[in-house]
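Asker: To convert a position in the sequence shown, counted from 1, into the numbering used here, add 87.
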Amino acid sequence: MSADTTRLAEVSVVGVGRKTDIKSAVPVHTLNRKKIATQGISDISEALRRLPGVNLRDYGGAGGMKTVSVRGLGSQHTGVAYDGVPLSDIQSGQIDLSRYSIDNIEALNITVGDNDNIFTPARTQISATTLNIAVNRPAAVIESPFILYGKVRVGSFGLISPSFRTSVGNGCNLGMNLNGDFIHADNNYPFTIRNGQHEEREKRHNSGINSGHLEWNGVWKPTATSFLSSKIYTYLSDRHLPGPVVYYNPESNEDLKESNIFGQFIYRLEANEKWSVSALAKYSFSRTHYTDRNAIYPGGLLDNLYRQAEEYASASILYRPIYSLQISYSSDLWHNSLRSNAADDSAPFRNSFLQSVSLKWTNARLTIIGRGLFSIISDRSRQSDGSKNFNRLSPSFSLSYRILKDANLNIRASYKEIMRMPTFSELYFDHYGSISLKPENTRQFNVGTTFATNAGSLLEEISFIADVYYNLISNKIVAMPYNMFLMTMTNLGKVHAVGSDIALSLGFRVHPQHRLDFNLSYSYQRAASRTERNMSDWNKQLPYTPLNSGGGALSWLNPWLNVALHATAASGRYSTTLNIPSTRIGGYVDCGLALFREFRFGKTKLEGRIEANNLLDKTYELVGRYPMPGRNFSASISLNL
């Protein structure tokens, strides 16, 4: 390397192009801001349903709880990161994605296994799959001129949702932005209920929601090779819970109030061409208040209040001894605690310490990555005499090889072994948890191929991704009957999952001002319980895991009125592992249409958008007895100054 050559530190690029995903040694599926806008995607749940291998649990309506599972592993096996820093819910292990607005998202990334960027916190490696919600890039914040963006969206069932974003940077070393949104919806949508041969048209009751979030981001770049970014995030919601549909009893008096605030700081420095360091710190606090007014409870009221807090710190070092080799070490430490108003509150807390060593070797055609993650977890509560300690070494390995020197055709293979710690609900919940639970063990195998090219004048772009996989979960945590009235959690389960994911994207330039984009995804998932042959659930499909699922979108971008047609579909599923007819959830096809047009007045941009979802007006469910909305419409107008 010549004396006047400088090698830049490895960075994680999100939201631009698809070649980053194509060359990855593990499956990575991305939706950037442009794709979200042009494919008729109106919220984060709709976006995730377009990605292969993703199973979404959606309890229906605007703001309804939404959690994600990938490849039949379960939502607790899917980590969620916000601008690269992990989110957590120690109580349930599931992140409610309805809290995050699609308007402020730069990109959504689903990564199966460990991604190619080894200069990351150790904690980003503790999940079988990871969803990264990218909102800000430090360089973009600094380089941004003054921007003021506002949007108002109204729709069926009382939906009103204003949002805003403002950003300013000096183009040199300082920048900041502020964004927020608010959602009000009645969610009293109609649905069809069937009881044998009898069919009735009903409406959802007690389904309203008011929620909002406010977020501030700041970036300071003290030198050309370092930056400090900070974030303060707040979220508040007050929602009524309609509960599952019960024949001839539509009443529900359940309410849920939630609040969450967190602050985080990230510092990164490239000391020289060989050494880079990074550090982050985060504090998060959440409050959940659930009430249910019902005569079956003493005093006619069930009142549960939970508070959880987390303190988290991480430090990472990247060393590049030679051009083709990178070595990274990360050390993470965090503390979780949970308190409730229950008389027998066990006041659990958990200390987690992770260390990770990663090596990456790459040349023009071959990439090889190996990782070792060492975990030390310590749990304690009022129910236990002392602390419970878990130690585990979890390896992972991945490689990608470019088959042809002059064509972007690649093959890849990966293996990852990881453990999932039981949640506090699984360990300590009254009459349900079991403090003797062991962590689940997960092993993931994947092989696949990727292809991308700029084809020509008519077919401008084509990309194709295909993967097959095998997942094995042992020590699966399952609920077993203790007596006629109680269930208890125990490590009895094994799960085997085999499947394939396929994604195809085509871009046609039919005219200098007209473009057709076609996107298609398909997944086959056979995820079955394999605990004991004499058990009733032997080799039965896991709950809420369709055998076949997929989606597609066709967008026509033109100077007059842009059009996006889209559809998602899934075969029948079951709500329990017994797979009996009474627990079957029927398959569905959900079609939608979006019309949008942007107008420019100098530097000012005005966009109008009209969307229609579930055009066939079919009643279907993603979660048993929680019907999704039928045909619904929304309209929005946004102004970018």
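Glycine is no exception: its CB is placed at the ideal position from the N, C-alpha and C atoms.
From the DSSP output, which residues share a beta bridge with V199?
Answerer: BP columns for V199 point to T216.
Asker: What is the C-beta distance between P509 and P482, in whole angstroms, given that I count them as a contact (C-beta under 8 Å)?
Answerer: Not really, about 22 Å apart at Cβ, beyond 8 Å.
Asker: Can you give me the C-alpha to C-alpha distance between R469 and A553, rounded to a whole angstrom?
Answerer: Each residue's alpha carbon lies about 49 Å from the other.
Asker: What span of residues does the beta strand (DSSP E) with L607 cover, start to end?
Answerer: L607 -> beta strand (DSSP E) spans 601 to 616.
Asker: State the Cα-Cα distance for the pair R489 and T454, rounded to the nearest angstrom.
Answerer: The straight-line gap from Cα to Cα measures roughly 9 Å.
Asker: Identify every residue that forms a DSSP beta bridge with N533.
Answerer: For N533, which the question treats as bridged, DSSP gives the partners S501, Y556.
Asker: Could you give the distance in angstroms between the alpha-carbon of L486 and the alpha-carbon of L218?
Answerer: Approximately 21 Å between the Cα atoms of the pair.
Asker: Helix, strand or coil for Q126? Go by DSSP, reduced to three states.
Answerer: Of the three classes helix, strand and coil, the one that applies to Q126 here is coil, per DSSP.
Asker: Out of S363, R374, A358, N340, point me to the one whose CA is closest to I348's CA.
Answerer: For the residues S363, R374, A358, N340, the minimum Cα distance to I348 belongs to R374.
Asker: As a quick exercise: from I189, V199, G166, pick the residue whose alpha carbon is nearest that of A149.
Answerer: With distances taken between Cα atoms, A149 lies closest to I189.
Asker: Which residues in the same chain as L388 place their Cβ atom closer than 6 Å to its Cβ, once the five residues preceding and following it in sequence are excluded?
Answerer: Same-chain partners within the cutoff: R380.
Asker: Ignore the nearest five residues each way along the sequence and tell me which others in T670's own chain have a CB closer than 6 Å to its CB.
Answerer: Only Y661, S662, T663 meet the Cβ criterion.
Asker: Who are the Cβ neighbours of I131 in its own chain at under 6 Å, not counting the five residues just before and after it?
Answerer: Same-chain partners within the cutoff: L184, Y187, I189.
Asker: DSSP state of K776, grouped into three classes?
Answerer: Because the chain is modelled from 88 through 728, residue 776 falls outside the range shown and cannot be assessed.
Asker: In chain order, what residues of the same chain lie with their CB nearer than 8 Å to the CB of K705, ignoring the 5 residues before and after it?
Answerer: The answer, listed in chain order, is Y675, V676, D677, G717.
Asker: Going by C-alpha to C-alpha distance, which of K563, E548, K475 sits closest to M506?
Answerer: Ranking K563, E548, K475 by Cα distance to M506 puts K563 first.
Asker: Could you tell me the boundaries of the alpha helix (DSSP H) in which S512 lies?
Answerer: Segment 511 to 515, the alpha helix (DSSP H) holding S512.
Asker: Would DSSP call P716 helix, strand or coil?
Answerer: Three-state DSSP puts P716 in coil, outside helix and strand.
Asker: Roughly how far, in whole angstroms, is the beta-carbon of S298 from the beta-carbon of L323, given that I think they are within contact range, below 8 Å?
Answerer: Sure, about 7 Å apart at Cβ, within 8 Å.
Asker: What residues in its chain sit with their C-beta under 6 Å from that of S111, if we drop five residues either side in the sequence?
Answerer: If we look at S111 and ignore the five residues flanking it on each side, its Cβ neighbours are D203.
Asker: Nearest-angstrom Cα distance between R426 and G679?
Answerer: Roughly 43 Å separates the two Cα atoms.
Asker: Within the same chain, show all residues whose beta-carbon is closer than 6 Å to that of G159, passing over the 5 residues directly before and after it, in chain order.
Answerer: Around G159: A584, Q612, A614, L629, T632.
Asker: On the three-state DSSP scale, how would you describe H292?
Answerer: Note: H292 maps to coil in three-state DSSP.
Asker: With distances taken between CB atoms, is the gap from G127 to A651 smaller than 8 Å?
Answerer: Yes, they are a contact pair.
Asker: What does the Cβ neighbour count give for R696, buried or exposed, with the cut at 16 atoms within 10 Å?
Answerer: R696 comes out buried.
Asker: Rounded to whole angstroms, how far is the Cβ of S317 from the Cβ of F352, which I believe are closer than 8 Å?
Answerer: Sure, about 5 Å apart at Cβ, within 8 Å.
Asker: Please report how far the alpha carbon of G305 lies from the alpha carbon of S544, in whole angstroms.
Answerer: Cα-Cα distance, rounded: 42 Å.
Asker: Just verifying my parser: in three-state terms, what is the DSSP assignment at N257?
Answerer: N257 falls in the coil class under three-state DSSP.
Asker: Rounded to the nearest angstrom, what separates A168 and T211 at their Cα positions?
Answerer: A168 and T211: Cα-Cα distance of roughly 8 Å.
Asker: What is the DSSP secondary structure of L328, counted as helix, strand or coil?
Answerer: Correct three-state label for L328: strand.
Asker: I want to know whether the region 444 to 458 touches the region 471 to 479 - three or more CB-CB distances under 8 Å.
Answerer: At 8 Å Cβ cutoff, the stretches do not touch.
Asker: Could you tell me whether the region 489 to 503 touches the region 529 to 546, where touching means 3 or more Cβ pairs closer than 8 Å?
Answerer: The region 489 to 503, when compared against the region 529 to 546, does touch it at the 8 Å Cβ threshold.
Asker: Counting C-beta neighbours from all protein chains within 10 Å, is the total for E338 16 or more, i.e. buried, or is it exposed?
Answerer: The residue in question, E338, is exposed, as its Cβ has fewer than 16 Cβ neighbours within 10 Å.
Asker: Return the Cβ separation of S608 and T125 in integer angstroms, given the expectation that the two are a contact with Cβ distance under 8 Å.
Answerer: Contact doesn't hold; Cβ gap of about 16 Å is too wide.
Asker: What does a CB cutoff of less than 6 Å around N621 pick up in its chain, not counting 5 residues either side in sequence?
Answerer: Hits under 6 Å: none found.
Asker: What ranges does the alpha helix (DSSP H) occupy inside the region 129 to 161, keeping only unbroken runs of at least 4 residues that lie completely in it?
Answerer: If we require 4 residues or more, the alpha helix (DSSP H) runs fully inside the region 129 to 161 come out as 131 to 135.
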